[in-house]
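K.L.:
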Amino acid sequence: MKFEHELKVIRKGVEEIIPEEELIKKLEKSEKTGKPLRIKYGIDPTGYDVHIGHLVPIRKMREFQDLGHTGVIIIGDFTAQIGDPTGRDESRPPLNAEMVKSNSEKYMEQLFTVLDASKTEVRLQSEWFGKMGMMDVLKLMGKFTLAQFMAHDTFRNRYEQGLPLGMHEIMYPILQGYDSVAIESDVELGATEQKFNILCGRDMQRIYGMEQQIAVLSPILLGTDGIQKMGKSMNNYIAVFDTPNDKFGKVMSIPDALILNYFNYATKLDPDEIEKIKKELATGINPMIYKKMLAREIVKLYHGEEAGMEAQSAFEKVFSNKELPDDIPEITMTDDKIKMIRLLVDNQLCASNSEAKRMIMQNAVTVDGEKWSDVEGDLQITDGLVIKVGKRKYLQIKKDQG
RNA sequence: GGAGAGGUUCCCGAGCGGCCAAAGGGAACAGACUGUAAAUCUGUCGUCAGACGACUUCGGAGGUUCGAAUCCCCCCCUCUCCA
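Each step along the first sequence adds one to the number in my numbering, with nothing skipped, and position 248 is 248.
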């Protein structure tokens with residue numbers, strides 16, 4: 001069959017393609033005309049912390065790019081004012097132009113760790129929505145009925161549960177859908193929860209008499225807690241900006257049952273190889289071995305091979321062998337002694353005096369490996385002392401004689 | 001516009017005049033253990049103060065009371081039903 005290779009690449013790690021037959025037609029057409037397909041993905045510039053869950057569809061975009069197609073990233077400066085109803089982020093501070101600009105720049109910087117910049121277009125929603133007036137908006141809204149929206153889980157559930165549902169929120173899928181018209185997308189990427197919004201884009205294109213886009217839906221990546229989807233509000237995410245050591249550690253903290261899932265969706269590993277790992281894990285082997293490999297693979301993706309190895313040895317050093325890490329934050333002190341509690345709070349090892357005391361009482365504080373138990377005590381400062389709080393917080397003191 | 005329900009500590013959610021810094025669960029953190037920042041168990045979880053005690057907190061502003069998250073008044077917000 002024609003396009004067998006392309007389809008195999010596109011299908012990999014994808015939950016659903018709607019409709020697949022049309023995608024084949026589009027591929028054919030693209031080949032015939034030599035015109036690359038336009039692959040859309042939208043982001044809301046409400047913040048800029050990108051986590052590896054976001055990158056599942058982005059990696060898919062890269063694969064499209066490698067097949068010669070064009071990625072189009074939409075900066076949702078209008079939808080950001082609404083907040084994706086499926087995302088359920090509470091606070092929506094109004095965004096001004098500078099914030100949009102700086103957020104999206106930082107956002108793109110992270111996406112370009114994956115994307116091919118030469119085949120990426122970045123577009124702002126305000127390019128088209130900024131020109132619209134009330135009449136245009138009414139016309140857009142008239143294309144859909146309330147029943148269509150209430151048939152959608154997110155809206156219906158919130159309505160039925162008696163939760164607030166703003167009128168403007170139903171505009172979200174409409175705006176996102178119109179984006180597809182504006183940029184004439186052939187394919188829109190997103191996680192499965194985006195199905196409704198992306199299909200809205202299809203409807204919108206049909207209404208405007210255009211060729212309709214294909215939805216290519218990625219699975220939702222679970223967070224490090226293994227229960228909820230990875231998200232900023234849940235504090236269960238691995239960020240692109242996390243240090244290699246943090247990425248490694250966070251991967252090590254996922255439940256064992258999640259290992260294969262992450263291999264599938266958060267790494268570039270070949271499916272055959274993942275199949276092998278699956279079999280290995282089923283033999284009852286210590287999952288840690290493969291979790292380390294997973295962590296290494298993920299670090300590698302963003303920081304390179306060497307960083308992956310380094311993060312692993314740092315992890316083993318600190319957690320398996322309980323040695324000191326290489327990069328301990330340092331402070332320089334001139335005094336001969338300091339109250340321990342103050343030292344901990346002043347250097348952000350603890351959030352408050354009370355917490356510092358609690359930590360001491362819970363045997364969480366050590367000085368050069370020795371437990372510190374005197375809640376009120378002073379620390380005699382000597383050069384090179386290492387303070388450790390809990391499992392992960394360190395501080396080294398440099399004594400300035402001067 | 002009318003009638004009713006509600007807004008509690010990071011989240012969910014109990015409390016409805018003193019025994020409430022506020023049950024319970026989740027998250028988080030710590031300790032033990034371990035094969036991992038897995039799992040499990042135990043503990044901690046407003047701030048300040050030598051665990052006594054003090055101060056700030058229960059949508060917002062007032063009031064009643066020796067004393068309020070709990071009662072009253074006004075305001076803001078959410079939900080349901082009626083029009």
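The beta-carbon is built from N, C-alpha and C at its ideal position, and this holds for glycine as well.
1) Find the nearest neighbour of Lys292 within the set Val114, Glu15, Lys388, Asn245, judged by alpha-carbon distance.
2) State the beta-bridge partners of Gln380 as determined by DSSP.
3) Would you kindly report the start and end of the unbroken alpha helix (DSSP H) that includes Gln176?
4) Indicate whether Lys60 and Ser218 have their beta-carbon atoms separated by less than 8 Å.
5) Counting Cβ pairs closer than 8 Å, one from the segment 227–246 and one from the segment 272–285, do we hit at least three?
6) Check whether the segment 31–45 and the segment 178–190 are in contact - that is, three or more C-beta pairs closer than 8 Å.
7) When we look at the beta-carbon of Thr113 and count the other beta-carbons within 10 Å, is it buried (16 or more) or exposed?
8) Do Gly222 and Met230 have their C-beta atoms within less than 8 Å of each other?
9) Under the three-state reduction of DSSP, which class applies to Val389: helix, strand or coil?
10) Secondary structure at Tyr302, three-state DSSP: helix, strand or coil?
11) Are the CB atoms of Glu121 and Val56 within a distance shorter than 8 Å?
12) Quick test of the definition: if touching needs 3 or more C-beta pairs under 8 Å, does the segment 375–383 touch the segment 327–342?
13) Within 10 Å of its beta-carbon, does Gly162 have 16 or more other beta-carbons around it, so buried, or fewer, so exposed?
14) For the beta strand (DSSP E) containing Ser218, name the first residue and the last one.
15) Got a sec? Which residues, its chain only, sit under 7 Å from Arg38 by beta carbon, not counting five neighbours each side?
16) Just how far apart, CA to CA, sit Ile198 and Met167?
17) Specify the secondary structure class of Glu330 as computed by DSSP and reduced to three states.
18) Use the C-beta contact count for Leu146: other C-beta atoms within 10 angstroms, 16 or more gives buried, fewer gives exposed.
19) Am I right that Met150 and Arg158 are in contact with their C-beta atoms under 8 Å? What's the rounded C-beta distance?
20) Quick check on DSSP: helix, strand or coil for Ala307?
21) Do you know offhand how far Ala295's Cα is from Leu124's?
22) I'd like the list of long-range same chain contacts for Ser91, defined as Cβ closer than 8 Å, with 5 residues on each side in sequence excluded.
23) Pick out whichever of Gly68, Lys119, Gly13 has its Cα sitting closest to the Cα of Gly190.
24) Since His51 contacts Ile238 with CB under 8 Å, what's their CB separation in whole angstroms?
25) Reducing DSSP to helix, strand and coil, say where Leu221 ends up.
26) Please list, in chain order, all residues of the same chain as Lys131 whose beta carbon is under 7 Å from its beta carbon, the five residues on each side excluded.
27) Between which two residues does the alpha helix (DSSP H) carrying Ala147 extend?
28) Do Leu23 and Ile214 come within 8 Å of each other at the CB atom, strictly closer than that value?
29) Look at the alpha carbon of Asp89 and the alpha carbon of Ala117, and state the distance between them as a whole number of angstroms.
30) Do Val345 and Asn353 have their beta-carbon atoms positioned less than 8 Å apart in this structure?
31) Which one of Gln362, Lys317, Gly390 has the shortest CA to CA distance from Gln348?
P.N.:
According to the structure data:
1) Taking the first residue of the first sequence as 1, we reach residue 292 at position 292. Measuring from the Cα of Lys292, the nearest candidate turns out to be Asn245.
2) As a first step, residue 380 must be located in the first sequence, where it is residue number 380. Beta-bridge pairing links Gln380 to Lys337.
3) Here residue 176 corresponds to residue number 176 of the first sequence, with the count starting at 1. Where Gln176 is concerned, the enclosing alpha helix (DSSP H) stretches over 171–183.
4) What you label residue 60 is simply residue 60 of the first sequence in a count that begins at 1. What you label residue 218 is simply residue 218 of the first sequence in a count that begins at 1. Yes, the pair counts as a contact, with Cβ atoms nearer than the cut-off.
5) Touching, no.
6) By the Cβ rule, the segment 31–45 counts as touching the segment 178–190, because three or more pairs are nearer than 8 Å.
7) The residue given as residue 113 occupies position 113 in the first sequence. Exposed, by the Cβ-count rule.
8) Along the first sequence, read from residue 1 onward, the residue named residue 222 stands at position 222. Along the first sequence, read from residue 1 onward, the residue named residue 230 stands at position 230. For the sequence presented, residue 222 should be read as Leu rather than Gly. Between Leu222 and Met230, the C-beta spacing is below 8 Å.
9) Translated into the one-based positions of the first sequence, residue 389 becomes position 389. Note: Val389 maps to strand in three-state DSSP.
10) As a first step, residue 302 must be located in the first sequence, where it is residue number 302. Note: Tyr302 maps to helix in three-state DSSP.
11) Along the first sequence, one-based indexing puts residue 56 at 56. Along the first sequence, one-based indexing puts residue 121 at 121. In this structure, Glu121 does not lie closer than 8 Å to Val56 by Cβ.
12) Taking a contact to require three or more Cβ pairs closer than 8 Å, the segment 375–383 and the segment 327–342 qualify as touching.
13) Taking the first residue of the first sequence as 1, we reach residue 162 at position 162. When all chains shown are included, Gly162 counts as exposed.
14) The residue given as residue 218 occupies position 218 in the first sequence. Its beta strand (DSSP E) spans residues 214–218.
15) Here residue 38 refers to the residue found at position 38 of the first sequence. Counting only Cβ-Cβ distances below 7 Å, and skipping sequence neighbours, we find Thr70, Val72, Ile183, Glu184, Ser185, Asp186.
16) To locate residue 198, count along the first sequence from 1; it is residue 198. To locate residue 167, count along the first sequence from 1; it is residue 167. Annotation: Ile198 to Met167 spans about 20 Å, alpha carbon to alpha carbon.
17) Position 330 of the first sequence holds residue 330. Glu330: strand per DSSP, three-state reduction.
18) Looking up residue 146 in the first sequence gives position 146. Counting Cβ neighbours within 10 Å, Leu146 comes out exposed, since fewer than 16 surround it.
19) By one-based count along the first sequence, residue 150 stands at place 150. By one-based count along the first sequence, residue 158 stands at place 158. Contact flag wrong, Cβ pair sits at about 10 Å.
20) Sequence index remark: in the first sequence, residue 307 carries index 307 (1-based). Ala307: helix per DSSP, three-state reduction.
21) Your numbering for residue 295 matches position 295 in the first sequence. Your numbering for residue 124 matches position 124 in the first sequence. Going from the Cα of Ala295 to the Cα of Leu124 covers about 35 Å.
22) By 1-based counting over the first sequence, the position of residue 91 is 91. Low local confidence applies: a pLDDT of 46 at Ser91 is under 50, so the model's placement there is unreliable, and no value is given.
23) Position 190 of the first sequence, counted from the first residue, corresponds to residue 190. Minimum Cα distance to Gly190 is reached at Gly13.
24) Your numbering for residue 51 matches position 51 in the first sequence. Your numbering for residue 238 matches position 238 in the first sequence. Sure, about 6 Å apart at Cβ, within 8 Å.
25) By one-based count along the first sequence, residue 221 stands at place 221. Correct three-state label for Leu221: coil.
26) In the first sequence, the residue the question calls residue 131 occupies position 131. Listed in chain order, the non-local C-beta contacts of Lys131 below 7 Å within the same chain number zero, local neighbours out to five positions each way being set aside.
27) The residue you call residue 147 lines up with position 147 of the first sequence. Element bounds for Ala147: 146–150.
28) The residue labelled residue 214 in the question sits at position 214 within the first sequence. The residue labelled residue 23 in the question sits at position 23 within the first sequence. For Ile214 and Leu23, yes; Cβs fall inside 8 Å.
29) Here residue 89 refers to the residue found at position 89 of the first sequence. Here residue 117 refers to the residue found at position 117 of the first sequence. Because the pLDDT at Asp89 is just 47, under 50, the model does not fix this residue reliably, and the value given afterwards should be weighed accordingly. Taking the straight line from one Cα to the other gives about 30 Å.
30) Your numbering for residue 353 matches position 353 in the first sequence. Your numbering for residue 345 matches position 345 in the first sequence. In contact: Asn353 and Val345 (Cβ atoms closer than 8 Å).
31) Looking up residue 348 in the first sequence gives position 348. When only C-alpha atoms are compared, the closest one is Gly390.
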